[in-house]
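Asks:
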Amino acid sequence: MKKLLTIMLISFALGAFSQSPEAMKKIEAAKIALITERLELTPQQAEKFWPIYREFGKQRQEIRQDFDKARRNFDPNKASEEENKKMLEMANQVKERQLKLERVYSDRILKVISTRQLNNLRKAENDFKEMLLRRIRAEQMKRQKQRRNDGRLNDRRN
Numbered sequence: 073m074k075k076l077l078t079i080m081l082i083s084f085a086l087g088a089f090s091q092s093p094e095a096m097k098k099i100e101a102a103k104i105a106l107i108t109e110r111l112e113l114t115p116q117q118a119e120k121f122w123p124i125y126r127e128f129g130k131q132r133q134e135i136r137q138d139f140d141k142a143r144r145n146f147d148p149n150k151a152s153e154e155e156n157k158k159m160l161e162m163a164n165q166v167k168e169r170q171l172k173l174e175r176v177y178s179d180r181i182l183k184v185i186s187t188r189q190l191n192n193l194r195k196a197e198n199d200f201k202e203m204l205l206r207r208i209r210a211e212q213m214k215r216q217k218q219r220r221n222d223g224r225l226n227d228r229r230n
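The working numbering applies: residue 73 is where the sequence shown begins, and numbers increase by one.
1) Give me, in chain order, the residues of the same chain whose beta-carbon lies closer than 6 Å to that of residue 194; leave out the 5 immediate sequence neighbours on both sides.
2) So for residue 191, helix, strand or coil by DSSP?
3) Going along the chain, which unbroken runs of the alpha helix (DSSP H) with 4 or more residues stay wholly within the segment 145–204?
4) Taking one C-beta from the segment 124–138 and one from the segment 167–184 each time, how about it: are there three or more such pairs within less than 8 Å?
5) Near residue 148, which residues of its chain fall below 6 Å by C-beta distance, leaving aside the five closest residues on each side in sequence?
6) Look at the alpha carbon of residue 73 and the alpha carbon of residue 214, and state the distance between them as a whole number of angstroms.
7) Using 8 Å as the Cβ pair cut-off and three pairs as the minimum, do the segment 178–194 and the segment 138–145 touch?
8) Work out the CA separation of residue 203 and residue 210 for me, nearest whole Å.
9) Between residue 114 and residue 197, what straight-line distance do the alpha-carbon atoms span, to the nearest angstrom?
10) What's the gap between the Cα of residue 167 and the Cα of residue 159?
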């Protein structure tokens, strides 16, 4: 029953693909439900785990945003050799920061959950991303198909 509820919540949340804050909240709620189920968190663990996990997520997002900001106006085809080297170095530094962050938070999280649960966390995160990407691709294909059908209908009318 719990698994069915989680699947239904994920399906509902993934149906909301606009970038609205409400849609993002639904996606986040689905992720939380999936992780909670997969880790089999006790109430005591959940109380300690979620603040650490949210802090970790915020730190990860900040690292990604820093790199995205630097990369936004970068065109490797127009950049000099030196600029390309700097961008590659920056990418490596971002990976190093992410790894360091992962180690720090893994240590903190392991004070709350078991190693089995931590491994399940990583799997659950990857599974959630894959489900989200599959759903996004399916929605895109559905829209493309609808546009083609709409175009054919308009062609027949003209």
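We treat Cβ as the ideally placed atom computed from N, Cα and C, and that holds for glycine.
Replies: Put simply:
1) none
2) helix
3) 153–181
4) yes
5) 156
6) Bear in mind that the predicted position of residue 73 carries a pLDDT of just 47, short of 50, making it unreliable; the figure below should be weighed with that in mind. About 30 Å.
7) no
8) 10 Å
9) 19 Å
10) 12 Å
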